[in-house]
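Chemist: For the numbering used here, count along the sequence shown from 1 and bump the result up by 14.
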Amino acid sequence: MQFKDINIDANLKFHDISSEEWREYEFDGAKIIRIEKPIALNISKTGGHRLVDSAGISHYVPRGWKHLSWKADPQFVL
Numbered sequence: 015m016q017f018k019d020i021n022i023d024a025n026l027k028f029h030d031i032s033s034e035e036w037r038e039y040e041f042d043g044a045k046i047i048r049i050e051k052p053i054a055l056n057i058s059k060t061g062g063h064r065l066v067d068s069a070g071i072s073h074y075v076p077r078g079w080k081h082l083s084w085k086a087d088p089q090f091v092l
């Protein structure tokens with residue numbers, strides 16, 4: 015699945031993050047959530063992250079994570 019293939023609510027603005035190989039969210043207590051091959055990201059008004067990965071699976075990561083890391087080329091994309 016590619017960014018152009020995602021089916022999203024028109025009221026939500028998603029950004030293409032398909033240049034990322036993976037992204038990890040670290041929470042207190044060293045809990046880490048890793049998302050492989052993310053392709054789309056929406057940041058909610060409350061700070062949560064809505065993501066879609068290349069398999070078409072939707073993820074919601076709630077606000078409160080302490081650290082975010084990712085591997086992408088280029089490293090930072092707007």
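Glycine residues also receive a C-beta, built at the ideal position from the N, C-alpha and C atoms.
Determine the contact status of D23 and I53, defining contact as a CB-CB distance below 9 Å.
Modeler: By 1-based counting over the sequence shown, the position of residue 23 is 9. By 1-based counting over the sequence shown, the position of residue 53 is 39. It is not a contact, given that the beta carbons lie outside the stated cut-off.
Chemist: Throw me the rounded Cβ distance for the F41 and G78 pair, which I believe falls under 8 Å.
Modeler: The count along the sequence shown starts at 1 and reaches residue 41 at position 27. The count along the sequence shown starts at 1 and reaches residue 78 at position 64. That pair is a contact at about 7 Å.
Chemist: Which residues in the same chain have their Cβ closer than 6 Å to the Cβ of W84, if we skip the five residues on either side of it in sequence?
Modeler: For the purposes of this step, residue 84 is taken as the residue at position 70 of the sequence shown. E34, R37.
Chemist: Do Y74 and L65 have their C-beta atoms within less than 9 Å of each other?
Modeler: Translated into the one-based positions of the sequence shown, residue 74 becomes position 60. Translated into the one-based positions of the sequence shown, residue 65 becomes position 51. Cβ distance < 9 Å, so Y74 and L65 count as in contact.
Chemist: Exposed or buried, which one is L55 when buried takes at least 16 other CB atoms within 10 Å?
Modeler: Reading the sequence shown from its first residue, position 41 is the one you call residue 55. The residue in question, L55, is buried, as its Cβ has 16 or more Cβ neighbours within 10 Å.
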